[in-house]
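Engineer: Protein chains in written order, with our numbering: chain F, 1319 to 1505; chain W, 1319 to 1505.
Have a look at the structure that comes next, please.
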DNA sequence: AAGAAATCGAACAAAATGTACGAAAACGGA
DNA sequence: TCCGTTTTCGTACATTTTGTTCGATTTCTT
């Protein structure tokens, strides 16, 4: 690959990720990116059609690291590669995220429709905590705030799936799926 | 409340939600909203400071319906109000969403950082499905696609929580929480 | 009917967008 | 090192959006 391209892309990526740590993705302009990267306007558009294009490219690049070469991750965190379970696979992913936490934090803090979901999630977590009398705290070592955030977020995921599949499942069934998969049957 | 204000806000809301069903939130401009609502530019800014402000207002209005008056929801869907469990509460919420599915669909389809999460989720679901040999299909009536989407999304929620709390939990512990709350211990 | 409040619309500066083009620079293969 | 190719630069440009201002006008409330 042409060195100039590599240099230009690197400059754009760096500027973009830097900006991402300062402000929301939605408020970052192409102008700011090229100013920060110190490249010509036309140069940017020679590589990316839109700002979304750039984000996609960055995501793609990031994830190529996350999901490739589990073995490497294992090697660097001393897991026996024979124990190839989902749990370990997920653990390896988490280690990778942790190793590059700065980059991922920037991306993870993007938001937009999140305004909506965060409303929903907050309300749900409160709602769930209100029904907690049947739940024995202390029996497990799962932090209460994790449990509430997680269940709220997981329920949102169920709702998202529900809408993706055109609400063809009845609410009762959906809730039963949710309850079954989260072991919240008792509530 | 002044009728003019009510009319103006209604016009803005209608135009906004209409646009929301045609394009992504991020690409909707104030210009389009006031054109569609047929109101003066200054009038819009008299009610909302920014486009995000408007979205927040719409969300707030929408959720005030979702989380208020469970009793009403119960009445209209014949639940015995004595059975006040979390499951029923969630079911009622789902019914409400279903009743107003058109409005909610519009909001739900917003995206932005979703570009990132959807990448992640897709990969995760694939990963999980690869470890499914231990899972007995057919034993439950939970659809396979729901299970995969859900577990992927739920794991993302765990990761989000992880980052919100500054990665202070070890990857192993986080995965064990996830496994415990989703009954995926066996994998 | 009268005073208050909201809307209109036109105008404005500032900024961003996406595109175009020729000149200059950097590249890679021979 | 040379030469054709590719990339970058810089500038320019038309268009669009943004957020604000202000007086005139309309609509509301009482």
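Even glycine gets a Cβ: it sits at the ideal position worked out from N, Cα and C.
All figures in this text were calculated on a predicted structure; none of them were measured in a lab.
Using a Cβ-Cβ cut-off of less than 9 Å, give me the residues of the stretch 1459 to 1476 of chain F that come near chain W, in sequence order.
Structural biologist: The residues in question are 1459, 1460, 1461, 1463, 1464, 1465, 1467, 1468, 1469, 1470, 1471, 1472, 1473, 1474, 1475, 1476.
Engineer: Just verifying my parser: in three-state terms, what is the DSSP assignment at residue 1485/W?
Structural biologist: By one-based count along the second chain, residue 1485/W stands at place 167. Looking at residue 1485/W - three-state DSSP - the assignment turns out to be coil, as it is neither helix nor strand.
Engineer: By the three-class DSSP mapping on this structure, what secondary structure does residue 1336/F have?
Structural biologist: If you number the first chain from 1, residue 1336/F lands on position 18. The answer is helix: DSSP assigns residue 1336/F an H, G or I state.
Engineer: Between residue 1499/W and chain F, is the shortest Cβ-Cβ distance under 7 Å, so that the two count as touching?
Structural biologist: For this step, residue 1499/W is matched to residue 181 along the second chain. Residue 1499/W counts as touching chain F.
Engineer: Using a beta-carbon distance below 7 Å, is residue 1340/F in contact with chain W?
Structural biologist: Taking the first chain and counting its residues from 1, one reaches residue 1340/F at position 22. For residue 1340/F, the answer is no, since every Cβ of chain W falls outside 7 Å of its Cβ.
Engineer: Using a Cβ-Cβ cutoff of 9 Å, what residues of the stretch 1343 to 1376 of chain F are near chain W? List them in chain order.
Structural biologist: Going along the stretch 1343 to 1376 of chain F in chain order, one finds 1343, 1344, 1370, 1373, 1374, 1376 with a Cβ nearer than 9 Å to chain W.
Engineer: Rank 1323/W, 1352/W, 1365/W by C-alpha distance to the C-alpha of residue 1337/W and give the top, closest one.
Structural biologist: For the purposes of this step, residue 1337/W is taken as residue 19 along the second chain, with counting starting at 1. If we check each option's Cα against that of residue 1337/W, 1352/W comes out closest.
Engineer: Would you kindly work out how many angstroms separate the C-alpha atoms of residue 1469/F and residue 1491/W, rounded to a whole number?
Structural biologist: Counted from its first residue, the first chain places residue 1469/F at position 151. Counted from its first residue, the second chain places residue 1491/W at position 173. Each residue's Cα considered, the two are about 17 Å apart.
Engineer: Compare the C-alpha of residue 1480/F against each of 1467/F, 1343/F, 1496/F, 1465/F and name the closest.
Structural biologist: Sequence index remark: in the first chain, residue 1480/F carries index 162 (1-based). That would be 1496/F, whose Cα lies nearest to the Cα of residue 1480/F.
Engineer: Once DSSP output is grouped into helix, strand and coil, what is the label at residue 1505/W?
Structural biologist: Residue mapping note: residue 1505/W aligns to position 187 of the second chain, counting from 1. Low confidence applies to residue 1505/W: its pLDDT is 49, below 50, so where it sits in the model is not reliable, and the reading given next is rough at best. Correct three-state label for residue 1505/W: coil.
Engineer: I'd like to check one pair, residue 1500/W with residue 1380/F: are the Cβ atoms closer than 7 Å?
Structural biologist: Residue 1380/F sits at position 62 when you count from the first residue of the first chain. Residue 1500/W sits at position 182 when you count from the first residue of the second chain. No.
Engineer: Quick check on the burial criterion: 16 or more other C-beta atoms within 10 angstroms. Buried or exposed for residue 1474/W?
Structural biologist: Here residue 1474/W corresponds to residue number 156 of the second chain, with the count starting at 1. The residue is buried, with at least 16 neighbouring Cβ atoms inside 10 Å.
Engineer: Consult DSSP for residue 1391/F and reduce its assignment to one of helix, strand or coil.
Structural biologist: In the first chain, residue 1391/F corresponds to position 73, counting from 1. Note that residue 1391/F scores a pLDDT of 47, beneath 50, so its modelled location is shaky; the value from the coordinates is reported in the next line. Of the three classes helix, strand and coil, the one that applies to residue 1391/F here is helix, per DSSP.
Engineer: Just to confirm, are residue 1375/W and residue 1354/W a CB contact at a threshold of 7 Å?
Structural biologist: Along the second chain, read from residue 1 onward, the residue named residue 1375/W stands at position 57. Along the second chain, read from residue 1 onward, the residue named residue 1354/W stands at position 36. It is not a contact, given that the beta carbons lie outside the stated cut-off.
Engineer: At a CB-CB cut-off below 7 Å, which residues of chain W make contact with residue 1318/F?
Structural biologist: Any question about residue 1318/F goes unanswered here, given that chain F covers just 1319 to 1505.
Engineer: Strictly under 7 Å for the Cβ-Cβ distance: is residue 1416/F near chain W by that measure?
Structural biologist: Along the first chain, one-based indexing puts residue 1416/F at 98. At least one chain W Cβ lies under 7 Å of residue 1416/F.
Engineer: What does residue 1485/F touch in chain W if you count any residue whose Cβ is under 7 Å from its own?
Structural biologist: If you number the first chain from 1, residue 1485/F lands on position 167. Chain W residues near residue 1485/F: 1416, 1419.
Engineer: Tell me, to the nearest whole angstrom, how far the beta carbon of residue 1371/F is from that of residue 1329/F; I am working on the premise that it is less than 8 Å.
Structural biologist: The residue you call residue 1371/F lines up with position 53 of the first chain. The residue you call residue 1329/F lines up with position 11 of the first chain. About 16 Å; that fails the 8 Å criterion.
Engineer: Please name the residue, chosen from 1489/W, 1326/W, 1418/W, that lies closest to residue 1417/F on a Cα-to-Cα basis.
Structural biologist: Numbered from its first residue, the first chain carries residue 1417/F at position 99. Checking every option, the nearest Cα to that of residue 1417/F belongs to 1489/W.
Engineer: Is any beta-carbon of chain W found at less than 7 Å from that of residue 1331/F?
Structural biologist: Residue numbering aside, residue 1331/F sits at position 13 when the first chain is read from its first letter. No, its Cβ sits nowhere closer than 7 Å to a Cβ of chain W.
Engineer: Using a Cβ-Cβ cutoff of less than 6 Å, which residues in the same chain neighbour residue 1390/W once the five nearest sequence positions on both sides are dropped?
Structural biologist: By one-based count along the second chain, residue 1390/W stands at place 72. Only weak support is given to the placement of residue 1390/W: the predicted model assigns it a pLDDT of 47, under 50, and the value that follows is read from those uncertain coordinates. Correct list: empty, nothing qualifies.
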